[in-house]
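Trainee:
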Amino acid sequence: MATFEYVEIPPDVIRLQSSPKDSETHNVRPASKISTPLPNPERTPSNTTTTASSFASPTKSALTMLPQLLLSASPTSPNPRVVGPVQLLSTRDPLSIPITTVNFRRFVSKVGPVFWLQDRIEEIAMWRRGWKVTCVWMAAYAFLCYFPRLVLLLPHALLAGIILATYPSDNITLPASSSGRTVPPPPPANAGEGSVDWQANIQAIQNLMGAAADLHDFVLPLIPHITHASPYTPLILTATLASILLSLPLLPLLPLRPVFLFLGLGLFVLTHPFTREHVLPLVYPTLYDKINRSRLQRLVDNDRLEDRHWGSELRDVELWENERWCADAEGDGGSWGKIHLRPTERSAWTRARDGWSGLKEDGSGEVSSNLTFSLAPGWVFVETEDWRADLEASWIQDVGSDDYGWVYTNDAWLEPNRVPLDSWKMSGMTRRRRWTRRIYYCPSRRDA
Numbered sequence: 035m036a037t038f039e040y041v042e043i044p045p046d047v048i049r050l051q052s053s054p055k056d057s058e059t060h061n062v063r064p065a066s067k068i069s070t071p072l073p074n075p076e077r078t079p080s081n082t083t084t085t086a087s088s089f090a091s092p093t094k095s096a097l098t099m100l101p102q103l104l105l106s107a108s109p110t111s112p113n114p115r116v117v118g119p120v121q122l123l124s125t126r127d128p129l130s131i132p133i134t135t136v137n138f139r140r141f142v143s144k145v146g147p148v149f150w151l152q153d154r155i156e157e158i159a160m161w162r163r164g165w166k167v168t169c170v171w172m173a174a175y176a177f178l179c180y181f182p183r184l185v186l187l188l189p190h191a192l193l194a195g196i197i198l199a200t201y202p203s204d205n206i207t208l209p210a211s212s213s214g215r216t217v218p219p220p221p222p223a224n225a226g227e228g229s230v231d232w233q234a235n236i237q238a239i240q241n242l243m244g245a246a247a248d249l250h251d252f253v254l255p256l257i258p259h260i261t262h263a264s265p266y267t268p269l270i271l272t273a274t275l276a277s278i279l280l281s282l283p284l285l286p287l288l289p290l291r292p293v294f295l296f297l298g299l300g301l302f303v304l305t306h307p308f309t310r311e312h313v314l315p316l317v318y319p320t321l322y323d324k325i326n327r328s329r330l331q332r333l334v335d336n337d338r339l340e341d342r343h344w345g346s347e348l349r350d351v352e353l354w355e356n357e358r359w360c361a362d363a364e365g366d367g368g369s370w371g372k373i374h375l376r377p378t379e380r381s382a383w384t385r386a387r388d389g390w391s392g393l394k395e396d397g398s399g400e401v402s403s404n405l406t407f408s409l410a411p412g413w414v415f416v417e418t419e420d421w422r423a424d425l426e427a428s429w430i431q432d433v434g435s436d437d438y439g440w441v442y443t444n445d446a447w448l449e450p451n452r453v454p455l456d457s458w459k460m461s462g463m464t465r466r467r468r469w470t471r472r473i474y475y476c477p478s479r480r481d482a
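Residue numbering for the sequence shown follows this note's numbering, starting at 35 and increasing by one per position.
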């Protein structure tokens with residue numbers, strides 16, 4: 035198939051036909067415009083230092099945006115969760131701006147203890163309060179494994195522990211971990227709106243929503259394999275039934291207490307810093323090596339391709355993401371962001387490597403959620419995959435990138451390096467990375 039290589043053509047020019055005769059057989063038309071969403075960058079470490087004051091305006095603006103979000107999400111059809119006369123918790127109250135605003139404020143003010151408990155559990159499970167604290171909990175778990183009936187006394191022990199921990203005495207101090215850190219006190223039961231605890235709850239809710247979305251995106255590709263939407267479903271069902279038949283004779287011989295003891299303590303071993311830093315990269319290198327992760331993602335994308343994709347020519351379309359570092363007033367921290375880019379330099383998203391073919395922005399300086407590509411007639415984006423970050427940084431030689439594909443440069447976008455240099459932080463530094471998405475030639479789309 036004869037196609038044009040990618041060249042930049044000004045939008046205000048018209049491609050000429052060679053002759054009237056050729057136009058009858060080879061009709062040259064302006065390239066069709068195809069809309070595609072922007073890449074969805076994952077959250078990367080930014081070395082940010084935030085204070086309570088930095089939260090104030092986003093929180094208030096978020097609360098004021100609730101009515102707009104509700105109005106834009108007003109249902110035009112009956113709620114699918116309403117089935118018959120039975121009233122469920124999710125359908126108890128109708129969608130209402132006042133109810134949502136009141137319940138959201140109440141939820142933010144009261145959810146603090148839940149996240150406090152979540153942080154303490156994470157500190158113990160990830161060995162962040164020292165080996166002594168985690169080992170005590172491991173010993174308690176082992177004790178319960180061999181005396182499982184003591185689990186019934188856990189509510190009593192929890193209640194007694196709360197009463198003793200809140201005993202009004204000035205002589206009782208919170209125990210310090212081996213690293214010198216103390217356990218922060220639980221937040222108040224009702225955090226005042228606009229207070230530090232209120233902002234902390236907002237931040238925790240924000241990160242929890244992101245973690246839930248990440249978990250959903252991780253599990254979603256596996257769902258087709260168990261819902262008969264994949265050719266592997268019969269194989270998985272056969273293996274499952276075979277494992278059940280083989281396990282039935284072994285169940286009476288299986289010692290439950292040692293099994294649960296081994297599984298529970300095994301999780302603590304896996305979360306130990308030494309295991310995560312030295313053992314797991316050797317056992318599962320694809321999870322820790324960015325090159326292997328990139329190639330593994332390409333294998334997954336290839337597995338999702340359909341016959342029309344395999345029988346066609348595949349090419350890559352490039353997109354560049356640009357950010358600038360903004361140091362705080364004290365000079366001991368800062369943050370990366372697209373909002374820090376200067377008006378006279380490259381845009382947040384650009385189509386060319388030079389960084390000057392920027393995408394159209396709205397009045398606020400933000401790029402819209404969709405972008406438009408002018409592809410040659412017949413070329414369309416592969417429907418089964420999305421934008422992928424170039425973790426190998428193959429576009430720049432002998433430099434490399436960090437684990438997320440970022441290449442760091444100085445204030446003038448020069449001297450590329452795989453890590454940011456300390457000498458750049460005060461004078462200014464920038465970073466960029468490449469995103470790619472595949473397109474394929476579809477003859478049926480040429481005359482569309």
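Even glycine gets a Cβ: it sits at the ideal position worked out from N, Cα and C.
This one's a predicted model, so the numbers in the text were calculated from it and none came from an experiment.
With a threshold of 16 other CB atoms inside 10 Å of the CB of residue 124, please say whether the residue is buried or exposed.
Mentor: Sequence index remark: in the sequence shown, residue 124 carries index 90 (1-based). The residue in question, residue 124, is exposed, as its Cβ has fewer than 16 Cβ neighbours within 10 Å.
Trainee: I think residue 467 touches residue 424, with their Cβ atoms under 8 Å apart; what is that distance to the nearest whole Å?
Mentor: Your numbering for residue 467 matches position 433 in the sequence shown. Your numbering for residue 424 matches position 390 in the sequence shown. Correct: roughly 7 Å between the Cβ atoms.
Trainee: Just list the alpha helix (DSSP H) runs in the stretch 166-254, keeping only unbroken ones of 4 residues or longer that don't cross its boundaries, in chain order.
Mentor: The stretch 166-254 contains these whole alpha helix (DSSP H) runs: 188-199 and 230-253.
Trainee: Drop a sphere of 10 angstroms on the beta-carbon of residue 179, count the other beta-carbons inside from all chains shown, and report buried for 16 or more, exposed for fewer.
Mentor: Locating residue 179 in the sequence shown gives position 145, counting from the first residue. By the neighbour-count rule (16 or more Cβ atoms within 10 Å), residue 179 is buried.
Trainee: Quick one: complete beta strand (DSSP E) runs, 3+ long, within the stretch 320-373?
Mentor: Those beta strand (DSSP E) runs which fall completely within the stretch 320-373 and span 3+ residues are 348-361 and 368-371.
Trainee: Which parts of the stretch 439-465 are runs of the alpha helix (DSSP H), unbroken and 4 residues or longer, counting only runs that do not cross its ends?
Mentor: Taking only runs of at least 4 residues, the alpha helix (DSSP H) segments lying wholly in the stretch 439-465 are 458-461.
Trainee: Considering only the beta carbon of each residue, do residue 241 and residue 142 sit closer than 7 Å?
Mentor: As a working note, residue 241 is residue 207 in the sequence shown. As a working note, residue 142 is residue 108 in the sequence shown. Cβ atoms of residue 241 and residue 142: not closer than 7 Å.
Trainee: Drop a sphere of 10 angstroms on the beta-carbon of residue 127, count the other beta-carbons inside from all chains shown, and report buried for 16 or more, exposed for fewer.
Mentor: For the purposes of this step, residue 127 is taken as residue 93 along the sequence shown, with counting starting at 1. Per the 10 Å Cβ criterion, exposed.
Trainee: Using only the alpha-carbon positions, how far apart do residue 237 and residue 250 sit?
Mentor: Along the sequence shown, read from residue 1 onward, the residue named residue 237 stands at position 203. Along the sequence shown, read from residue 1 onward, the residue named residue 250 stands at position 216. If you take the alpha carbons of residue 237 and residue 250, they lie about 20 Å apart.
Trainee: Taking DSSP's pairing of strands, which residues face residue 162 in a bridge?
Mentor: Within the sequence shown, residue 162 is the residue found at index 128, counting from 1. Looking at the DSSP assignment, residue 162 forms no beta bridge with any residue, so it has no partner.
Trainee: Got a sec? Which residues, its chain only, sit under 8 Å from residue 443 by beta carbon, not counting five neighbours each side?
Mentor: As a first step, residue 443 must be located in the sequence shown, where it is residue number 409. Only 449, 450, 451, 463, 464, 465 and 466 meet the Cβ criterion.
Trainee: Counting Cβ pairs closer than 8 Å, one from the stretch 338-350 and one from the stretch 432-439, do we hit at least three?
Mentor: Too few Cβ pairs lie closer than 8 Å, so no.
Trainee: To the nearest angstrom, how far is it from the Cα of residue 211 to the Cα of residue 382?
Mentor: As a working mapping, residue 211 is identified with position 177 in the sequence shown. As a working mapping, residue 382 is identified with position 348 in the sequence shown. At residue 211 the pLDDT is 45, less than 50, meaning the model places this residue with poor confidence and gives no usable figure here.
Trainee: Could you give the C-beta distance for residue 305 and residue 161, rounded to a whole number, given that I count them as a contact under 8 Å?
Mentor: By 1-based counting over the sequence shown, the position of residue 305 is 271. By 1-based counting over the sequence shown, the position of residue 161 is 127. Rounded, the Cβ-Cβ distance is 7 Å, consistent with contact.
Trainee: Looking at the unbroken beta strand (DSSP E) that takes in residue 414, where does it start and where does it end?
Mentor: On the sequence shown, position 380 is the one that residue 414 refers to. It spans 413-415 - the beta strand (DSSP E) in which residue 414 sits, taken as one unbroken run.
Trainee: Tell me, which residues are paired with residue 467 by DSSP?
Mentor: Walking along the sequence shown from the start, residue 467 turns up at place 433. 355.
Trainee: What distance in whole Å lies between the Cβ atoms of residue 349 and residue 472, which are believed to be in contact at a cut-off of 8 Å?
Mentor: Your numbering for residue 472 matches position 438 in the sequence shown. Your numbering for residue 349 matches position 315 in the sequence shown. Right, their Cβ atoms sit about 7 Å apart.
Trainee: Quick one: using the 10 Å Cβ neighbour count with 16 as the cut-off for buried, is residue 165 buried or exposed?
Mentor: Counted from its first residue, the sequence shown places residue 165 at position 131. Exposed.
Trainee: State the start and end residues of the unbroken alpha helix (DSSP H) segment that holds residue 267.
Mentor: Residue 267 sits at position 233 when you count from the first residue of the sequence shown. Run containing residue 267: 267-281, per the alpha helix (DSSP H) assignment.
Trainee: Does any heavy atom of the ligand SAH sit closer than 6 Å to the C-beta of residue 467?
Mentor: Looking at this structure, you won't find the ligand SAH or any other ligand, since it has none at all.
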